[in-house]
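Participant: Last residue of the sequence shown: 518 (the working numbering), numbering continuous.
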Amino acid sequence: MSSNLDTSAQPGDETREASDDRSRFWWVVACLTPCLAAPLWLAAVPVVDGPAALSGLSGMLLALCLGAAVVTDLGSRRIRNWTCYPTIAFALLVNCVQSLLQWNGASEVARQVGGIGFIPSLLGTLICFSGMFALFLVFEGGAGDVKFVAALGALVGWYDGFQIWLCSMLLAGLFALCYSVLSAMARSAWFRAKPWLGLQIVLHGLLLKSEVSPELKAGLKQRIPLAPFFTVGTIVVLGVEWSQPGTSFLNEFLSVL
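1. Could you check whether LEU413 and SER382 sit closer than 8 Å to each other, using their CB atoms as the reference points?
2. Can the beta-carbon of MET393 be found less than 8 Å from the beta-carbon of ALA411?
3. From the DSSP output, in three-state form, read off ALA367 for me.
4. Can you give me the Cβ contacts of ARG523 inside the same chain, cut-off strictly under 8 Å, excluding the 5 residues immediately before and after it?
5. Checking 8 Å against the spacing of the C-beta atoms, do LEU499 and LEU315 come in under that value?
6. Excluding the 5 residues preceding and the 5 following SER429 in the sequence, name in chain order all residues of the same chain whose CB lies nearer than 6 Å to its CB.
7. Does the beta-carbon of SER360 have 16 or more other beta-carbons within 10 angstroms, so that it is buried, or is it exposed?
8. Report the three-state DSSP secondary structure of LEU487 (helix, strand or coil).
9. Among the residues of its own chain, which have a CB less than 8 Å from the CB of PHE436, if the five just before and after it don't count?
10. Using only the alpha-carbon positions, how far apart do LEU303 and GLY317 sit?
11. Would you say LEU378 and ASN356 are within 8 Å of each other, going by their C-beta atoms?
12. What is the DSSP secondary structure of LEU518, reduced to helix, strand or coil?
13. Under DSSP, the alpha helix (DSSP H) around GLY385 begins and ends at which residues?
14. Since I believe TRP419 is in contact with ILE380 (beta carbons under 8 Å), could you give me their beta-carbon distance rounded to a whole number of angstroms?
15. Compute the minimum distance between the beta carbon of TYR420 and the heavy atoms of the ligand ZN, and state whether it is under 7 Å.
16. Any idea what DSSP makes of ILE340, helix, strand or coil?
17. Please state whether DSSP places PRO300 in a helix, a strand or coil.
18. Just the Cα atoms here: how many angstroms apart are CYS296 and PHE351?
19. Alpha carbon to alpha carbon, how far is ALA488 from LYS408? Give it in angstroms, no decimals.
20. Run through DSSP, which three-state label would ASP406 get?
21. With H, G and I counted as helix, E and B as strand and the rest as coil, what does DSSP make of VAL355?
22. Have a look at GLN373 and ILE349 and give me their C-alpha separation to the nearest angstrom.
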C-alpha cells in the first residue's frame, strides 16, 4: 500500500533549522560568557563604594545584560530570551552567594562578589515582572521588555527597577514626541514654514486629546527600541544614588514637579 504522506523538506525548513542553530549558539554564548568573564572582571575592576548593584559580579551582569539588549533591540527590534533568562538566573545565583557569605561573616568576600542580597533580588524579579506583565496586558507592548525589566529587577531590586522604568519611559516618551513632530514637519511644507506654531498646535492637540495629523499619529504609534532608554535610565538612576548617597532619582524628580 502506497503512502500519501509527503516527507520531502518544505521550503522554510532549512531557514527554521538555521534560525534554531543560531538561537542555540547564542544561548550557549549567553550562559558561558558570565562564567568566563567573572575571573577577569574581579581581577581587573576594583571594588568601589556605590550602589550595591554596581559592585562585583552584579555590575558585570548588569553591563553584559544592558549591552546585549541594546545590540539586539537596535538590530532586530527584539530583546532575546537568551539575554533575559540567563541574567535572571545568574543574578539570583550571585545574590544567593552574597547572602550566604554575609550570613557566614565573610563580609569582605561578599563585597567583592557584589549584589543586593538574595531576597531583594528575588522580590525585584517578581515585582518588576508582575508590574510589567500587567502593563503588557493593558497596552500590548513587547514581551521582551517584560522579561528585560524582570532581569533588571533581579540585579537592582524592585525600587530601583521601578525608578529605571519610570526614567526610561519618560525619556522614550520625549523621544517619540520629538521624533513624531520632526517627522510631521519634514512631510509638511506648512510645518516647515511655521515650526513653532505647528509645535504649539501639536502639543495642544495631544494635551486635549483632539485630532492630530495622521503623520503624527503614525509617528507616535511607531515602536521604538526601548533597550537604549533602559540603559540611559539605569545610568541616571544609579548615577544619582552614587553621586548623592541617601537620595534617589524619584525624590529628585518629584522635587522638580
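Think of the CB as a built atom: it goes at the ideal place given N, C-alpha and C, for glycine as much as any other residue.
Facilitator: Result, derived from the coordinates:
1. Translated into positions along the sequence shown, residue 382 becomes position 121. Translated into positions along the sequence shown, residue 413 becomes position 152. For SER382 and LEU413, no; Cβs fall outside 8 Å.
2. Locating residue 393 in the sequence shown gives position 132, where the first residue counts as 1. Locating residue 411 in the sequence shown gives position 150, where the first residue counts as 1. Yes; because the gap between Cβ atoms is below 8 Å, this pair is in contact.
3. Counting from one through the sequence shown, the residue named residue 367 turns up at place 106. Here ALA367 sits in coil by DSSP.
4. Given a span of 262 to 518 for the chain in the structure shown, any question on residue 523 remains unanswerable.
5. Numbered from its first residue, the sequence shown carries residue 499 at position 238. Numbered from its first residue, the sequence shown carries residue 315 at position 54. Result yes, Cβ atoms of LEU499 and LEU315 sit closer than 8 Å.
6. In the sequence shown, residue 429 corresponds to position 168, counting from 1. Same-chain partners within the cutoff: PHE490, PHE491, GLY494.
7. Position 99 of the sequence shown, counting from 1, holds the residue named residue 360. When all chains shown are included, SER360 counts as buried.
8. Position 226 of the sequence shown, counted from the first residue, corresponds to residue 487. DSSP places LEU487 in coil when its eight states are reduced to three.
9. Numbered from 1 along the sequence shown, position 175 holds the residue referred to as residue 436. Counting only Cβ-Cβ distances below 8 Å, and skipping sequence neighbours, we find ILE485, PHE490.
10. In the sequence shown, residue 303 corresponds to position 42, counting from 1. In the sequence shown, residue 317 corresponds to position 56, counting from 1. If you take the alpha carbons of LEU303 and GLY317, they lie about 7 Å apart.
11. The residue labelled residue 378 in the question sits at position 117 within the sequence shown. The residue labelled residue 356 in the question sits at position 95 within the sequence shown. Residue identity check: residue 378 is Gly in the sequence provided, not Leu. Contact flag set, yes.
12. Here residue 518 is taken as the residue at index 257 of the sequence shown, counted from 1. Note: LEU518 maps to coil in three-state DSSP.
13. Counted from its first residue, the sequence shown places residue 385 at position 124. That run of the alpha helix (DSSP H) goes 379 to 400.
14. Within the sequence shown, numbered from 1, the residue matching residue 380 stands at position 119. Within the sequence shown, numbered from 1, the residue matching residue 419 stands at position 158. Contact flag wrong, Cβ pair sits at about 11 Å.
15. Among the components of this structure there are no ligands whatsoever, and the ligand ZN is therefore not found.
16. If you number the sequence shown from 1, residue 340 lands on position 79. If DSSP states are grouped into helix, strand and coil, ILE340 belongs with coil.
17. Within the sequence shown, residue 300 is the residue found at index 39, counting from 1. Three-state result, PRO300: helix.
18. As a first step, residue 296 must be located in the sequence shown, where it is residue number 35. As a first step, residue 351 must be located in the sequence shown, where it is residue number 90. One C-alpha to the other measures close to 9 Å.
19. Position 147 of the sequence shown, counting from 1, holds the residue named residue 408. Position 227 of the sequence shown, counting from 1, holds the residue named residue 488. Rounded to whole angstroms, LYS408 to ALA488 spans 12 Å at the Cα level.
20. Locating residue 406 in the sequence shown gives position 145, where the first residue counts as 1. The answer is helix: DSSP assigns ASP406 an H, G or I state.
21. Translated into positions along the sequence shown, residue 355 becomes position 94. Helix at VAL355.
22. As a working mapping, residue 373 is identified with position 112 in the sequence shown. As a working mapping, residue 349 is identified with position 88 in the sequence shown. If I take the Cα positions, the gap works out to 20 Å.
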